[in-house]
Structures are given as structure tokens and as C-alpha cells.
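Numbering (this note's numbering), first residue to last: 708 to 878.
Following: one structure in C-alpha cells, then a few remarks.
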């Protein structure tokens, strides 16, 4: 039997657990695997800056992955989602993933897109995202997952700086 502070959801990696009043109960629980296996948490957020050129920019994805420094791929989320990027302004953000990962260095984030479109002057137009629908939208960025900690990565997708109308009226 081990002593576990109530509520039962507290984890060994959270230092604040030692500051709680003694409301413990005796329960049989397995050891927290994160306490000894070198695991941390990654929280991936998406937000945007306003744009005067388009009214809406929608992207949909079905998988979010990260690459380790050794070029192994780990999945953060397989939950399909869709968001209008222009709704994520003024401090609003969409959580793309919250997952435990092995401690260590990572080099890339990939969003496997399933659809993307823009609304310009009321017209819905397809959005061309090179390789976004095949191997995924590649976001090259080095980061380190800390042991027993949470790393929050915030993706700022600046629509005004990255989307351009082509001569044929597509984006």
C-alpha cells in the first residue's frame, strides 16, 4: 500500500503536491511511470494574428507528430480537428495536443492536413499547402522535453504574412 494525496489524480512529477494539506488515504496504486522513466509533457497550442486580406482561413488535420533528434516519429494526437485560424486572435488559442513524451531533444512538428480553405469576399476557395496533405505541414523547430515538466509550444500562424493570392485567384 502507498499513500496517495487526494485527489487521486496528482502525479509524482508535480512539485506542488508537497504543498497540499494532508488529506491522504491508503490505496493500492502502481508507481507513476513518469517518475522513473524520463517522461515529460508537451502542450501544443495554435494561435493567429488578424488579417485584412481574407475573412476566414480553415485548416483540418487528423494527426500531429514530432520528430526526435534521432529521426524517430512519435504521435502527439490522432484526434481529427478543424479550426478557423482567424478565430484564434486576441489571446485565443486552440490546443492541438497534450501528450507525454520521452525526455529529450526534438527537431520538428508535423500537422497531417486533411483539408484547407479560405473565405475571400464571401467566396470559399481551396488553400494550397505544399506537402500538407501528403507528408504533412512541416514545422522545423528544435525543442527539449523536460523530465517531469510541461513544455508549452505556441504556434503563431500569421495568416497575413503567409497566405498570398496567386495570379489565377487561388491561395
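Glycine included, each C-beta is placed from N, C-alpha and C at the ideal position.
Values in this document were obtained by computation on a predicted structure and should not be read as measured data.
Thinking C-beta only, is residue j closer than 7 Å to residue i?
i	j	result
residue 750	residue 859	yes
residue 771	residue 866	no
residue 861	residue 752	yes
residue 815	residue 745	no
Pull up the DSSP beta-bridge partners for residue i, would you.
i	result
residue 751	804 and 860
residue 840	None, per the DSSP bridge assignment.
residue 771	784 and 818
residue 765	791 and 824
residue 832	825
residue 809	746
Smallest Cα separation from residue i: which of the options?
i	options	result
residue 813	792, 848 and 828	848
residue 787	861, 820 and 753	820
residue 761	833, 842 and 844	833
residue 790	779, 799 and 829	799
residue 811	823, 779 and 864	779
residue 837	827, 823 and 828	823
residue 807	774, 856, 776 and 817	856
residue 774	846, 864, 854 and 863	846
residue 795	818, 758 and 817	758
residue 864	801, 777, 745 and 776	801
Evaluate residue i with the Cβ neighbour count: other Cβ atoms within 10 Å of its Cβ, from every protein chain shown; 16 or more gives buried, anything less gives exposed.
i	result
residue 768	buried
residue 831	exposed
residue 747	buried
residue 783	buried
residue 843	buried
residue 829	exposed
residue 781	exposed
residue 755	buried
residue 804	buried
Taking 6 Å as the cut-off, is the C-beta of residue i nearer than that to any heavy atom in the ligand COA?
i	result
residue 822	Among the ligands in the structure shown, none appear at all, so the ligand COA cannot be discussed.
* Taking only runs of the beta strand (DSSP E) that begin and end inside the segment 773-797, which ones reach a length of at least 3 residues, in chain order? -> Whole beta strand (DSSP E) segments, 3+ residues: 780-784 and 788-791.
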